[in-house]
Amino acid sequence: MADAVIVVALLLVAATATVAVATRDPARQALVLSVLGVVLAVLFTVFQAPDVGLSQLAVGSALTPLLLMLTVRKVRRRGRDEEHER
Amino acid sequence: MNGWTLAATVGLAGGLGTALWGVATGPLRRRVVAQNLATALACPAMLLLAQGYGRPAYVDLGLVLALLGPVGTLVFARLLADELAEDPPRAWVATWAVAALGAVTVIALCVATGPSRAMAKLLVIGALLIGGNVIASRALAGGFRRVGRG
Amino acid sequence: MSRRVRLWLVLAAGTGLAVLLVAACLDLPNFGGDRHPYGDRAVRASIARHTANVISSVNFDQRAFDTLGEMTILFGAVLGCVMLLRQTRDEHRARPRPAEVAPPVRRYALLVLPVALVTGIYVVAHGQLSPGGGFQGGVVAATALHLLYLGADYGALERIRPLGVYEVGDALAASAYVVLGLAGLLGSTAFLANSLLPYGTFNTLSSGGTVPLLNAAIGMEVACAVVLLLARFLDQAVEIEKENGE
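So the protein sequences, as listed, match chains A, B and C.
Here the first sequence stands for residues 791 to 876, numbered as in the numbering used here.
Here the second sequence stands for residues 2 to 151, numbered as in the numbering used here.
Here the third sequence stands for residues 2 to 247, numbered as in the numbering used here.
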């Protein structure tokens with residue numbers, strides 16, 4: 791019974807990671823990835839590793855989405871420009 | 002396992018499970034709202050876990066999540082502004098329901114802590130969590146107009 | 002090599018890896034057992050040096066040399082990104098147009114920015130006492146600055162972000178870590194040995210000997226590195242355009 795929270799966190803991580811892999815569009819994938827970051831932080835906390843959880847939160851909640859979305863924007867704009875020239 | 006961890010377990014399974022379903026399926030407007038609510042639901046769960054394990058230091062995780070979670074949603078609101086403007090999300094019921102859940106959690110924890118510096122910290126986290134969650138929802142529902150190339 | 006041979010090669014290598022992994026897992030101690038020989042020693046050493054957060058003691062005292070390696074990896078990775086994402090000769094910069102941000106969102110960003118900055122510094126400063134430390138706090142502080150881009154526009158962020166200062170800060174912080182290590186070598190026994198400073202009172206800000214100093218160096222290095230990294234990504238996404246583009 792005491793391990794219920796560990797089981798819940800593990801299942802959530804497995805499900806979220808599978809969804810992240812199965813999503814094709816990069817912008818939607820970034821959304822799933824940011825949820826995965828939060829769920830992983832919960833998993834680390836229930837494993838009594840708050841230092842690792844804090845690293846995961848710091849990196850995963852705002853920094854990774856920002857890097858990914860800026861890259862998506864650059865790639866999409868370049869695609870639009872090339873279409874424009876044709 | 003005590004009542005606090007049990008509450009956190011139920012909140013995680015129900016709340017984050019629903020949020021995962023929302024972020025995995027449906028149109029973009031539903032997915033961004035689900036992402037916002039995922040961070041808003043995980044933060045009270047973190048606070049409950051800190052109380053359940055009897056480790057006040059774990060509250061720092063809730064603090065960082067309450068600060069950076071809404072910032073992550075602002076990232077999506079800003080960089081997906083053009084797509085969201087065509088089909089803006091309207092999720093005020095869900096937003097306020099999650100905010101109320103956060104408020105109830107923080108108040109319960111404050112009562113359990115008693116007046117001290119720890120309680121002041123909890124109140125700051127609660128204010129950041131609810132304010133950030135509501136503002137992030139506002140930002141998704143047309144907080145950025147004519148972003149263009151900015 | 003034909004497709005068939007390659008497939009067999011992958012299958013053979015994969016099977017070998019799987020067998021080794023399973024064999025290793027079967028030999029692991031049971032989940033949640035009561036014998037932790039390494040943990041016991043790490044906790045004892047950490048308490049002997051008055052460091053309340055054992056993880057910080059492992060990172061910045063008992064295994065401080067490994068952290069030097071990790072810091073060098075981040076330094077090198079950011080250096081590589083800065084090189085790859087620089088402005089090339091056939092690109093030019095366009096002024097970003099200011100965005101129209103709803104007033105509540107703007108107020109929130111400007112209000113939370115200082116709070117997040119202070120939280121970052123708090124996480125770095127309490128690294129030896131509670132969960133957190135240089136890396137976590139540095140990332141939080143660097144992310145806080147970018148609320149100015151999210152809540153206002155890129156021009157506002159550029160005004161408070163002289164990149165040269167952050168480049169110097171990054172290099173200074175990285176060398177400060179090495180200098181602290183060398184000081185350990187000169188002052189006592191070994192590189193990065195924690196015997197320079199008094200250990201202080203257990204569970205206070207000044208406890209842990211050199212741990213808080215190394216923590217601060219890592220915090221500054223990480224914060225500067227993240228700002229530089231995001232600056233290149235933002236330049237590419239917002240300002241830099243191909244010549245003959247739109």
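Glycine included, C-beta positions come from ideal geometry on N, C-alpha and C.
Bear in mind that the values here come from a model prediction, so they are computed numbers and not experimental data.
Taking 9 Å as the threshold (beta carbon to beta carbon), is residue i in contact with chain A?
i	result
Gly-133 (chain B)	no
Gly-70 (chain C)	no
Leu-235 (chain C)	yes
Leu-130 (chain B)	no
Ile-122 (chain C)	no
Asp-88 (chain B)	no
Which chain C residues are close to residue i, counting only those with a beta carbon under 7 Å from its beta carbon?
i	result
Ser-824 (chain A)	Within chain C, no residue comes near Ser-824 (chain A); the closest Cβ sits about 13 Å away, beyond 7 Å.
Arg-79 (chain B)	Leu-151
Asp-83 (chain B)	Within 7 Å Cβ-Cβ: nothing; Asp-83 (chain B) doesn't reach chain C, min ~11 Å.
Ala-58 (chain B)	Ser-131, Pro-132
Less than 9 Å between CB atoms is the rule here; does residue i satisfy it with respect to chain C?
i	result
Ile-108 (chain B)	no
Gly-869 (chain A)	no
Gly-827 (chain A)	no
Ala-805 (chain A)	no
Val-230 (chain B)	It is not possible to answer for residue 230 (chain B), since the shown part of chain B is limited to 2 through 151.
Is residue i helix, strand or coil by DSSP?
i	result
Arg-87 (chain C)	coil
Phe-145 (chain B)	strand
Ser-208 (chain C)	coil
Phe-32 (chain C)	coil
Ala-191 (chain C)	coil
Gln-838 (chain A)	coil
Pro-132 (chain C)	coil
Met-120 (chain B)	helix
Gly-81 (chain C)	helix
Asp-892 (chain A)	For chain A, the structure presents residues 791 to 876; residue 892 (chain A) sits outside this window and is missing.
Leu-858 (chain A)	helix
Gly-103 (chain B)	helix
Thr-1 (chain C)	Not covered by the structure: residue 1 (chain C). The range shown for chain C is 2 to 247.
Ser-196 (chain C)	coil
Asp-171 (chain C)	helix
Ala-820 (chain A)	helix
Asp-815 (chain A)	coil
Per DSSP, residue i forms a beta bridge with which residues?
i	result
Lys-243 (chain C)	C:Glu-92
Glu-101 (chain C)	B:Arg-146
Shortest alpha-carbon distance to residue i belongs to which of the options?
i	options	result
Glu-71 (chain C)	C:Leu-230, C:Val-223, C:Ala-232, C:Ser-208	C:Val-223
His-147 (chain C)	A:Val-842, A:Pro-855, A:Asp-793, A:Arg-814	A:Pro-855
Ala-807 (chain A)	A:Val-829, A:Ile-796, A:Val-795	A:Val-829
Val-166 (chain C)	C:Leu-197, C:Ser-3, C:Met-221, C:Trp-9	C:Met-221
Gly-182 (chain C)	C:Thr-211, C:Glu-159, C:Val-169	C:Thr-211
Ala-877 (chain A)	C:Arg-87, C:Cys-82, C:Gly-139	Examination of residue 877 (chain A) is not possible in this model, given that chain A is present from 791 through 876 alone.
Asp-841 (chain A)	C:Asn-60, C:Phe-32, C:Pro-30, C:Ala-172	C:Asn-60
Leu-230 (chain C)	C:Leu-21, C:Gly-77, C:Arg-90	C:Gly-77
Tyr-59 (chain B)	B:Thr-114, B:Val-65, B:Ala-51	B:Ala-51
Ala-172 (chain C)	C:Gly-40, C:Leu-149, C:Arg-42, C:Ile-219	C:Ile-219
Ala-140 (chain B)	B:Ala-92, B:Lys-122, B:Pro-116, B:Ala-78	B:Ala-78
Which chain B residues sit within Cβ distance under 9 Å of residue i?
i	result
Pro-816 (chain A)	Under the 9 Å cutoff, chain B gives no residues; its nearest Cβ is about 11 Å from Pro-816 (chain A).
Leu-148 (chain C)	Val-72, Leu-75
Is there a Cβ of chain B sitting closer than 9 Å to that of residue i, yes or no?
i	result
Gly-246 (chain C)	Confidence in Gly-246 (chain C) is poor, its pLDDT being 47 and thus under 50, which makes the residue's placement unreliable; the coordinate value appears in the next sentence. It does not; no Cβ of chain B falls within 9 Å.
Val-116 (chain C)	yes
Leu-821 (chain A)	yes
Ala-100 (chain C)	yes
Gln-129 (chain C)	no
Ala-103 (chain C)	yes
Which residues in chain A sit within 9 Å of residue i, going by Cβ to Cβ distance?
i	result
Leu-231 (chain C)	Leu-853, Leu-856, Leu-857, Leu-860
Just the chain A side, please: which residues come within less than 8 Å of residue i by C-beta, in chain order?
i	result
Phe-136 (chain C)	Ser-845, Ala-848
Val-227 (chain C)	Leu-853
Just the chain C side, please: which residues come within less than 8 Å of residue i by C-beta, in chain order?
i	result
Ala-140 (chain B)	Ala-103, Val-106
Using a C-beta to C-beta distance shorter than 7 Å, which residues of chain A count as neighbours of residue i?
i	result
Thr-144 (chain C)	Ala-852, Leu-853
Could you name the residues of chain B that residue i contacts, counting a contact when the two beta carbons are closer than 8 Å?
i	result
Val-55 (chain C)	Residues of chain B passing the Cβ test: none, with the nearest at roughly 12 Å.
Let me check you understand the geometry: is the CB of residue i closer than 8 Å to at least one non-hydrogen atom of the ligand MN?
i	result
Ile-131 (chain B)	No copy of the ligand MN occurs in the structure displayed, which carries no ligand at all.
Subject >> Contacting positions in the region 58-69 of chain C - beta carbon closer than 8 Å to chain E >> reply: As a matter of chain content, chain E is missing from the structure shown, whose protein chains are A, B and C.
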